[in-house]
Amino acid sequence: MKLLIAIVIRRLFPLDMSIQDSWNLTRRHLDSASACLPAALVPGEDGGTLARYRNWLEHNELEFALDELIDLGDANPVPVNFWHNLLDAAYNMGLAKQSVEIEYRIDL
Numbered sequence: 037m038k039l040l041i042a043i044v045i046r047r048l049f050p051l052d053m054s055i056q057d058s059w060n061l062t063r064r065h066l067d068s069a070s071a072c073l074p075a076a077l078v079p080g081e082d083g084g085t086l087a088r089y090r091n092w093l094e095h096n097e098l099e100f101a102l103d104e105l106i107d108l109g110d111a112n113p114v115p116v117n118f119w120h121n122l123l124d125a126a127y128n129m130g131l132a133k134q135s136v137e138i139e140y141r142i143d144l
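Taking my numbering, the leading residue of the sequence shown gets 37, the next gets one more, and so forth.
Right, here's the structure in full:
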């Protein structure tokens with residue numbers, strides 16, 4: 037069991053990447069995605085807003101920040117690059133469920 041956990045951790049966090057580096061990379065992907073949002077933003081169906089996204093970032097709640105952007109992307113016209121940036125963020129965080137959901141949106 038310990039070996040399996042070690043393999044998973046190495047896959048999620050390469051030996052040359054600290055947790056802080058991983059967080060910073062995820063933030064860059066999320067920020068790149070948020071830059072793709074239109075200026076006239078419609079709130080998401082689940083209440084997603086840019087203010088809530090920024091609040092999640094301030095508290096280093098990167099998974100919630102990702103969810104907020106997914107909600108905003110569903111409610112607004114966004115380029116495919118938006119979804120690719122979110123997919124990179126989800127992969128970096130090891131979020132399988134969100135990765136599949138985002139891949140589905142890219143394939144539409």
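Glycine included, each C-beta is placed from N, C-alpha and C at the ideal position.
If you check the CB distance, LEU73 and LEU102 do not come in under 9 Å. In this structure, LEU77 lies near ASN112, with their beta-carbon atoms less than 9 Å apart. CA-CA distance, ASP110 to TYR89, rounds to 15 Å. Taken atom to atom, the span from the alpha-carbon of VAL136 to that of PHE118 is near 15 Å. Cβ atoms of LEU131 and GLU99 come within 8 Å of each other, at about 6 Å. When DSSP states are grouped into helix, strand and coil, GLY130 belongs to the coil group. Beyond the five residues adjoining it in sequence on each side, THR85 comes within less than 7 Å, by CB distance, of PRO79 in the same chain, given in chain order. No Cβ-Cβ contact shorter than 9 Å links SER58 with ASN121.
By the beta-carbon neighbour count (other beta carbons within 10 angstroms, threshold 16), GLN56 is exposed.
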